[in-house]
Every structure is written in C-alpha cells, then in structure tokens.
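> Below you'll find the structure I mean.
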Amino acid sequence: MMTLVPLSPALGVEVRGVDLRRLSEGETEIVLRAFRAFHLLLFRDQTLDEAGQVRFARLFGRISRQGAIQKASGGGATYVSNMRGDGTFGEGELLFHSDQCYYDHPMKAIMLYGIEVAQDGGETLFANTTRAYARMPEGLKRRIDRASVRHHFDYGALHYGETKRAEVEALKISAIHRVVGRHPETGAPILMVNAQTVDRILDLAPAESAALVGEINAHIAAPDNVYRHTWRPNDLVVWDNLSLQHARTDFANSQRRTLRRCAIAHDLEPAD
Ligand code: OGA
Ligand code: MN
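Take a look at the structure:
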C-alpha cells in the first residue's frame, strides 16, 4: 500500500510502499499529483540502475540538453561525484540556488539517486520560494513585485579548471527574469533570486541590489522554510527546481559521495 508521509511543514513528502521499477498507472498518477502538491518526493530503499532512473525521470518530462553537463548526458543521467572521472560539481558546499537561472527556461525538475553518501555533511537542503514569498512583509513584496534580475553563469561554483573556466566565461551566458516569477505549470509566484547566480537586480545601484538580494535570500533560507535531507544509499529524491531552491552543506573530500542525476527540461527549453 502506497502512503505519503510529510517531511517538513515547508515542503516535501516521503512516498512509501512503491517500487519505482514497476509503477502501475494508478501509482504514477498519485506520484505526479503529490509532486505538484509537495514539490519534493523522497523514495527510500529503491534499487535503480541508470536505465530505470531515466525511465522514471521521463514521467516528469524530457531530459534537459541545455548546457554542457546536460548535453554530455546524451539524454540520460550524469553523476554528482567527487570520485568518478566523469563526476560534476561533486565537492564542497553549495549555496541556495535553482539550476539554470542563467537561461530563459530553467529545468523544471532534478532527480538525484544516492549511490555513495557522506557520513558527515554533504546534506542537501531545500527551501520553498513560493512559501517564502507568501510570508514576506507587504512592503518587501511591493519593492520586488515589478523588479527584474539578471543571472550569470556561475562557473566558479562549478569548480571548473582554468582552461574550461575561460571557455565558459567566453560564452557569457546570462538571462533576465522577473524577481517574482510565475511557475510555468501552476502560475504560483516563485522567487527568481538566489545566493549563487545573481549578477544584479536591474535599475538598482550595486550596493542596493546586494542588500535587497540579501534580504530576499534570508526569507528563502529561513530555517522553518527548509527541509534538510540526510542521504542514505538508494534514496531517490526528485524536486521542482522552480518552486524550490537547493543547497549543499560542506563535507570533507576524503569521504566518497556519488549521486546519479537526471535533469528534467522546462517544457519550453529550446531544441538544440
Ligand atoms: C544539483 C545539486 C546538490 C547536492 O544536482 O543540481 O546542486 O547535494 N546537487 O549534490
Ligand atoms: Mn544544483
């Protein structure tokens, strides 16, 4: 029997009693509905190979091919890993962010499967931006409701080597979004400011922009707006990249950490 157990007041539900290798039509429908309602689903103790994970990911949409990492996935999975040669952004702390905000159409969901997990640190944090916006004082809402923000490609946080870094910088990837965006499927307000990829809020002096970004980020990262996930091997977590932001706590690189990742494209992601 399938049961749903909430993970925190802010977001997320654990789905128990299903095997992701053989989901029935009825179970699939409940899973997709729960995803819309809770923005993050956790399935524990799943046995999933790469093909099985990609098959499950495809229930949520196309696999993203936007950007170098997603292109390299060839429509399949990649690895967040400090161990594998083909691992990407596998080391250290990550501040709160949504992926791909430096594109017009950021991916709609991310799916990670635990293969090797750190014993100490390396937890993934999730914050609900729709809820953060709803709980803001009216004065702050008024200051941001019409504002726009430019994001740039955060090559630094991705730990590229110097050659790669120069290549990426030359691409000058950036995008402008409304600070208060709209979720493409539900129309709910979402915050398009984060702690990692903001260049500037438009029409503000740099110091004013930085102060406002800091104020918004504090609402997003408020402890009671966050779910902290401590990984176990065979955990599958899938989350809405636009309703939620995610971060990672630091961990010693002597610990092996490998997560298999599927990136699910925004419906409007351009074909390449
Ligand atoms: C990601 C990401 C966080 C983690 O996959 O986009 O930011 O905990 N991962 O590894
Ligand atoms: Mn990320």
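Numbers 59 to 330, taken from the numbering used here, label the letters of the sequence shown in order. Idealized CB from N, CA, C, for every residue including glycine.
1. Confirm, please, whether the CB-CB distance from Lys129 to Asn299 is below 8 Å.
2. Could you name each continuous beta strand (DSSP E) segment of 3 residues or more that falls completely within the region 162 to 190, going from the start of the chain to the end?
3. So, helix, strand or coil for Ile248, using DSSP?
4. Please determine if the region 147 to 158 and the region 94 to 111 are in contact, where contact requires at least 3 C-beta pairs separated by less than 8 Å.
5. Of the choices Arg314, Leu326, Ala323 and His324, whose alpha-carbon is the least far from that of Val138?
6. Where does Gly132 fall in DSSP's three states?
7. What does the shell around ligand 3 hold, if a residue joins when its beta-carbon is under 6 Å from any heavy atom?
8. Mapping DSSP to helix, strand and coil, what is Gln111?
9. To the nearest angstrom, how far is the alpha carbon of Phe114 from that of Leu69?
10. Would you report the Cα separation of Leu78 and Glu72, rounded to the nearest angstrom?
11. With 8 Å as the threshold, decide whether the Cβ of Thr244 is near any Cβ in chain D.
12. Could you say which of Leu153, Gln158 and Tyr161 lies nearest to Glu181 if we only look at CA atoms?
13. Kindly list the residues whose CB is nearer than 6 Å to the CB of Ala276, restricted to its own chain and excluding five residues on each side of it in sequence; keep chain order.
14. How many whole angstroms separate the CB atoms of Asn186 and Leu302, which I take to be in contact at a CB cut-off of 8 Å?
15. Could you check what DSSP says for Ala233 in three-state terms: helix, strand or coil?
16. For Arg193 and Ile202, what's the separation of their Cα atoms in angstroms?
17. Which of the three DSSP states is assigned to Asp298 in this structure?
18. Quick one: grab the DSSP three-state call for His277.
Walking through what the data contain:
1. In the sequence shown, residue 299 corresponds to position 241, counting from 1. In the sequence shown, residue 129 corresponds to position 71, counting from 1. Contact: no.
2. Fully enclosed beta strand (DSSP E) runs of 3 or longer: 167 to 174 and 182 to 186.
3. Residue mapping note: residue 248 aligns to position 190 of the sequence shown, counting from 1. DSSP places Ile248 in strand when its eight states are reduced to three.
4. no
5. Mapped onto the sequence shown, residue 138 falls at position 80. If we check each option's Cα against that of Val138, Arg314 comes out closest.
6. Position 74 of the sequence shown, counted from the first residue, corresponds to residue 132. Gly132: coil per DSSP, three-state reduction.
7. Within the structure as shown, ligand 3 is missing, the only ligands being ligand 1 and ligand 2.
8. Start at 1 with the first residue of the sequence shown, and residue 111 comes out as number 53. Looking at Gln111 - three-state DSSP - the assignment turns out to be helix.
9. Along the sequence shown, one-based indexing puts residue 114 at 56. Along the sequence shown, one-based indexing puts residue 69 at 11. Answer to the nearest angstrom: the Cα atoms are 21 Å apart.
10. Taking the first residue of the sequence shown as position 1, residue 78 is located at position 20. Taking the first residue of the sequence shown as position 1, residue 72 is located at position 14. Using only the alpha carbons, I get a separation of about 13 Å.
11. In the structure shown, chain D does not exist; there is a single protein chain.
12. In the sequence shown, residue 181 corresponds to position 123, counting from 1. It is Leu153 whose Cα lies nearest to the Cα of Glu181.
13. Along the sequence shown, one-based indexing puts residue 276 at 218. Excluding residues within five positions, none has a Cβ falling inside 6 Å.
14. As a position in the sequence shown, residue 186 is number 128, starting the count at 1. As a position in the sequence shown, residue 302 is number 244, starting the count at 1. About 6 Å separates the two Cβ atoms, so the contact holds.
15. For the purposes of this step, residue 233 is taken as the residue at position 175 of the sequence shown. Residue state, collapsed to three classes: strand.
16. Within the sequence shown, numbered from 1, the residue matching residue 193 stands at position 135. Within the sequence shown, numbered from 1, the residue matching residue 202 stands at position 144. Using only the alpha carbons, I get a separation of about 14 Å.
17. Start at 1 with the first residue of the sequence shown, and residue 298 comes out as number 240. When DSSP states are grouped into helix, strand and coil, Asp298 belongs to the strand group.
18. To locate residue 277, count along the sequence shown from 1; it is residue 219. If DSSP states are grouped into helix, strand and coil, His277 belongs with the helices.
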